[in-house]
Amino acid sequence: MLIRIRYTLLLLFFLMFLTPLNSIAQSINDKIVRVAVIGGMVYADLWREIAKRFEKESGYDVKVVVSGERPELKEAMELGNVDLLTMHSGDITTDLVADGHGINMRPWTRNDLVIWGPSSDPAGIRGMKNGAAALAKIASTQAAWIDFQGIGPREMAHNLWRRAGIKPAGDWVLKDDLGGGRDFLQQVADRNAYIITGRMPVYVGKWKANDKMTILVDQDPTMRRPYIVMETNPVRHPNVNHQGAKALADFLLSEEIQTFLAQYDGVVKDGRPLFYPVWPYGELENHDHLTKN
1 MLIRIRYTLL LLFFLMFLTP LNSIAQSIND KIVRVAVIGG MVYADLWREI AKRFEKESGY
61 DVKVVVSGER PELKEAMELG NVDLLTMHSG DITTDLVADG HGINMRPWTR NDLVIWGPSS
121 DPAGIRGMKN GAAALAKIAS TQAAWIDFQG IGPREMAHNL WRRAGIKPAG DWVLKDDLGG
181 GRDFLQQVAD RNAYIITGRM PVYVGKWKAN DKMTILVDQD PTMRRPYIVM ETNPVRHPNV
241 NHQGAKALAD FLLSEEIQTF LAQYDGVVKD GRPLFYPVWP YGELENHDHL TKN
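Right, dumping it as structure tokens:
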């Protein structure tokens, strides 16, 4: 009995000292917002600009725990290693919410996809701003088309072909056997083919520019893909900084950041946004007052 009493007193003694230490650690972590950010926002330098503004106004520190492809970001949230996640919307993001890992999923920006093709433009689509109509011309001329299997471009191509009323089939539809990497456009040029993908990887230097390939269809508003932001569910992952994550998520939807997106052309400096605002700010992206510094 005496041994049990001594053990209980000893346990209480340790708890008295451990609890304050845990509280201190928690208060330190509460000033850091850990994020998982899709790679494009990092190499376009957008995320650094936004984080700098948020840190200045909020007093939080933003720490990028993981940046890269969507499966990496998904895993980070599932493990509770991040407080906030932002990437393209899709099945992965929906599953994170359905499985209880993410909450408050909201679209906050968009990027645009374009149609690249040979500079010689055998299908004659140069300057078109309607992606579905451009694909219809490619099909009618049976110019080489790469069925690119990147998640976003694949979904976009499916939607455009559906709108065009065409099911692409035949020798002119090429299998995606591209190896990726810096010479991505050269690989497409070697096939003298058209392809849907982003413009940003070339503009910010992820892919090497190629004089045999050019953007032929651009500025189709229907060819924009939304990015979402979501907070890690504090019920499922009680150690996350939910308050900080929500503050950052709200900041992304604020008028300040949405207006900033309409102006931000990054290192490209061509006067066009690398990322677009969402409604209602997206309706203002061409207004003069948003482009004046």
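Position 242, counted from 1, in the sequence shown is what my numbering calls 242; the numbers after and before it change by one each time, with no gaps. For each residue, glycine too, the CB sits at the ideal point set by N, CA and C.
Looking at the backbone, the Cα of Ala132 and that of Gln142 are separated by about 15 Å. CA-CA distance, Gln263 to Pro153, rounds to 25 Å. Annotation for Pro153: no beta strand (DSSP E) segment contains it, though the alpha helix (DSSP H) segment containing it runs 151 to 164.
Ser58 is positioned such that its CB atom lies no closer than 9 Å to that of Met41. Taking a 10 Å sphere around the C-beta of Pro221, we find fewer than 16 other C-beta atoms and assign the residue as exposed. In terms of Cβ geometry, Ile195 and Phe148 form a close pair [threshold 9 Å].
A distance below 9 Å separates the beta carbons of Ala139 and Ala164. In the structure shown, Val42 falls within a helical segment according to DSSP collapsed to helix, strand and coil. Looking from the CA of Ser119, the closest CA among Asn233, Val188, Leu274 belongs to Val188. Annotation for Lys63: the continuous beta strand (DSSP E) segment containing it runs 61 to 68.
In this structure, Leu178 keeps its C-beta atom at 9 Å or more from the C-beta atom of Val202. Scanning Val35, Asn29, Asp30 for the CA closest to the CA of Thr232 turns up Val35. In the pairwise beta carbon analysis, the stretch 235 to 246 is classified as touching the stretch 78 to 87: at least three pairs are separated by under 8 Å. Selection Thr109, Asp99, Arg191, Glu72 evaluated against Ser89 yields Thr109 as nearest (Cα-Cα). DSSP places His242 in the uninterrupted alpha helix (DSSP H) bounded by 242 to 252.
Taking Arg272 as the centre and dropping the five residues before and after it, the same chain places the C-beta of Asp265 closer than 8 Å to its C-beta, in chain order. Buried is the label assigned to Gly102, since at least 16 other Cβ atoms lie within 10 Å of its Cβ. When Leu216, Asp190, Val173, Trp207 are compared, the shortest CA-CA separation from Ala134 is found for Leu216. By alpha-carbon distance to Leu274, the top candidate from Asp190, Leu113, Asn210 is Leu113. Counting the other CB atoms within 10 Å of its CB gives His158 a total below 16, which places it among the exposed residues. Straight through space, the alpha carbons of Val267 and Asp190 are spaced by roughly 28 Å. Under the 10 Å beta carbon count, Ala169 is surrounded by fewer than 16 other beta carbons and is classified as exposed.
Counted as a single uninterrupted DSSP element, the alpha helix (DSSP H) harbouring Gly131 occupies residues 131 to 141.
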